[in-house]
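If you use this note's numbering, the sequence shown corresponds to residues 169 to 327, in order. Just so it is clear, CB atoms sit at the ideal spot from N, CA and C, and this is done for glycine as well. Bear in mind the structure is a predicted one, so any value in this text is a computation, not a measurement. Take a look at the structure set out below.
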Amino acid sequence: MARLLGDTLPPEFVSAFDGTNLEAKLGLICLGVSVDPDGCPRAFMLSAGEVLVVGPRAVRLALWPKSRTADNLGAGGAVLLGFMAPRTVLYAKGTVRRLGMAAAGADVECFEIEVNRVESDLHEGFPLVQGPRYACEDADPAEVVRGWQKTLTALRRLP
């Protein structure tokens, strides 16, 4: 059963998506859930280079323009962001607003989540021992990080 932590992002979430030490964050996943026009949930995954904590209750996302997730988030409404790591299961729930396209050099559509509820879903005696991760099999990690830096810079510069 999920336990309410409050309405601000906990340190584990902030440090995972603060836009620093990106080389060490290759593989981290932020799992999200938006809602399709027909009311069905739609899962999406973002990397540490597409999620940026900008305040205790604010998270910015960079998405492919015209994707179903961007369309869903652009419609406003509720969204859930999840972060899982060893001994950590966090859900940040909130409302979303479209910020628009990023500046030149980062072809992404940007959104900001205003967090209004944070929950933990740890189960005593059954800790999560490994969170979901991805691998950079066909990409140069240094190139990935350079791309992330452009994207995160664009997210920081938005009003």
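Item	Value
When Ala322, Arg301, Glu280 are compared against Met213, the one with the closest alpha-carbon	Arg301
Supposed close pair Val313, Glu191 - CB separation, criterion 8 angstroms	6 angstroms
Span of the beta strand (DSSP E) around Glu282	277–288
Span separating the alpha-carbon of Tyr259 from that of Phe251	7 angstroms
Rounded C-alpha distance that separates Ala246 from Asp308	35 angstroms
Exposed unless 16 or more other CB atoms sit within 10 angstroms - verdict on Ser235	exposed
Three-state class that DSSP yields for Pro179 in the structure shown	helix
Supposed contact pair Leu229 and Val219 - C-beta distance, whole angstroms, cut 8 angstroms	6 angstroms
C-beta contact flag for Val264 and Asp175 at 8 angstroms	no
Nearest residue (CA-CA) to Gly217, options Arg324, Pro179, Leu320	Leu320
Pick from Gly244, Leu290, Met269 that is closest to Arg325, judged by C-alpha positions	Met269
Cβ-heavy atom distance, Leu267 to the ligand ZN, below 7 angstroms	Although the ligand ZN was asked about, the structure shown includes no ligands whatsoever.
Assigned exposure category for Ser183 - 16 Cβ within 10 Å defines buried	exposed
Beta-bridge pairing of Gly223 - partner residues as DSSP gives them	Ala226
Environment of Gly293 [buried if 16+ CB atoms lie within 10 Å]	exposed
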